[in-house]
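Structure record follows, encoded as structure tokens.
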Amino acid sequence: MEITEVFNSFLSDFIDPKKRIFLGYLILSLGIAYLWLVVIRRTSLKKAHFQIFNRKVFFSKSAQIDYKIFFINRAFSLFISPLLITQIAIATLIYYALHRQNIFYSGQFSGLSQPLVIALFSVAMFVVDDFTKYFVHRWMHNWSILWAFHKVHHSAETMTPITVYRVHPAEGILFGLRSAVSQGVVISIFFFLFGNAVDLYTIVGVNILVFFFHMTGSNLRHSHINIRYWKWLEYIFISPAQHQLHHSIAQEHYDKNFGAALAIWDWLFGSLHLSEEDKEITYGLTGDPAAPRSIGDMYLKPFTDILNILSGNFTKVQKKMFSSSTEKPFEARFWPRH
Ligand SMILES: [Zn+2]
Ligand SMILES: [Zn+2]
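Under numbering that gives the first Met the number 0, the final residue of the sequence shown carries the number 337; numbering is consecutive throughout.
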């Protein structure tokens, strides 16, 4: 591979509308941040400008680690992604399995109008994907082995849109598998029941609902601009302020707001926390002696943590300083827990 090709692949996410940090979405997020500060919060334009481009955030030690992890993980993904099982393989497998059952038959709903089938498929792809994100994210918080990896994301002490990439490669693989399984399941069921009418409503090649999610400032979830929604809307969609709360070190915020786009899963399963007016939030794992601090820690510490967990040495691997669930023995925390 040419060196320019490698470099291009590092920056490809900025020009891919399927990715959250696509330049178009970033520019829109910037516009939303200005609107929020100037129109809603009545901040002067100059103050808003300094608040948005806060050097203490973008050049912090934590942000610098984010940028390094972004590039290192891109390099990892060049090797790992071809190995990942694709949704096509899963979809094919389930599609043939569906032919072996007798409850539904192939093409059972093929008489429905195509616009309706496309709308149903677009919604199902988005909703199932979002639900599995909630489920896997919650599992990562509640099972100590996965928390060892997910801690890398939560060790961020400042947040920028690049923080979404601050994840251990093991978490990247788990999320890649999750995506392949959820999409594979929806694709196979739809093709089995609705036949060839199945298609997606897209804009620039992206599911219209995903496009809408990114257009409305998904990047601001990892930022210091605490945009809140109306109370009723925060039961349906996770606001940036609600995800920021998920990163808070305050005890009352632990294990809240696992959702990605939709808040309804948190609402249904009791982990919803609405945003709070002018709440100062401190991000990170401050106080956790087992928090990863250096780049080396980010990649290797999860493995030593897991070895400690497996050998029963829990004192060396604290979850968070005081988790809401510390009354339970550390090793007993497996999902689901209510
Ligand atoms: Zn989390
Ligand atoms: Zn996050």
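From the three backbone atoms N, C-alpha and C, an ideal C-beta is built for every residue, glycine too.
Source: prediction; values computed, not measured.
Just to confirm the assignment, what range does the alpha helix (DSSP H) spanning residue i have?
| i | result |
| --- | --- |
| R339 | Residue 339 cannot be examined here, being either before or after the span of the chain that is shown, 0 to 337. |
| P160 | Segment: none, P160 is in no alpha helix (DSSP H) and carries neither H nor E. |
| A155 | Here A155 belongs to no alpha helix (DSSP H), and DSSP marks it neither H nor E. |
| I14 | I14 -> no alpha helix (DSSP H), and no H or E assigned at all. |
| S293 | Note, S293: premise wrong, no alpha helix (DSSP H); not H, not E. |
| F57 | 54 to 57 |
| I263 | 263 to 267 |
Taking DSSP as the reference, what is the three-state secondary structure of residue i?
| i | result |
| --- | --- |
| V180 | helix |
| L44 | helix |
| Y66 | helix |
| Y253 | coil |
| L27 | helix |
| L299 | helix |
| L22 | helix |
| R336 | Annotation note: pLDDT 29 at R336 (below 50); position unreliable, coordinate value reported separately. In the structure shown, R336 sits in coil (DSSP, three-state: anything other than H, G, I, E or B). |
Run the CB neighbour count on residue i, radius 10 Å, all protein chains shown included, and call it buried at 16 or more, exposed below.
| i | result |
| --- | --- |
| R41 | exposed |
| S11 | exposed |
| A155 | buried |
| W264 | buried |
| G204 | exposed |
| Q241 | buried |
| E279 | exposed |
| Y104 | exposed |
| V38 | exposed |
| P288 | exposed |
| I137 | The amino acid at residue 137 is misidentified as Ile; the sequence shows Arg. Answer is buried; the Cβ neighbour count reaches 16. |
| N101 | exposed |
| N312 | exposed |
| P335 | Note on P335: pLDDT 29, under 50, position unreliable in the model; the coordinate value appears next. Classification of P335: exposed, given that the 10 Å Cβ count is below 16. |
| G110 | exposed |
| G216 | buried |
Taking 8 angstroms as the CB-CB cut-off, is residue i touching chain C?
| i | result |
| --- | --- |
| L244 | Checking the listed chains, one finds no chain C in this structure; it contains a single protein chain. |
Subject >> Inter-stretch contact at 8 angstroms, needing at least 3 Cβ pairs: the region 250 to 258 / the region 266 to 285 >> reply: yes
Original post:
Counting pairs of Cβ atoms below 8 angstroms between the region 90 to 104 and the region 183 to 194, do you hit three or more?
Top reply: yes
Original post:
Using 8 angstroms as the threshold, is the region 194 to 206 in touch with the region 223 to 240, meaning 3 or more CB pairs across them?
Top reply: no
Original post:
What residue ranges within the region 190 to 250 form continuous alpha helix (DSSP H) runs of no fewer than 4 residues, ordered along the chain?
Top reply: 207 to 214, 239 to 245
**OP:** Would you check if the region 152 to 164 and the region 211 to 221 touch, i.e. whether three or more CB-CB distances between them fall below 8 angstroms?
**Re:** yes
Original post:
Counting pairs of beta carbons, one from the region 204 to 214 and one from the region 7 to 26, are three or more of them closer than 8 angstroms?
Top reply: yes
**OP:** Return the chain-ordered ranges of every alpha helix (DSSP H) run that is complete within the region 70 to 133 and spans a minimum of 4 residues.
**Re:** 86 to 97
Original post:
Is the region 294 to 307 close to the region 49 to 68, with three or more CB pairs under 8 angstroms?
Top reply: yes
Original post:
Counting Cβ pairs, one atom from each stretch, are 3 or more of them under 8 angstroms apart for the region 241 to 250 and the region 102 to 121?
Top reply: no
Original post:
Is the region 230 to 245 touching the region 174 to 181 in the sense that three or more CB pairs, one from each, lie closer than 8 angstroms?
Top reply: no
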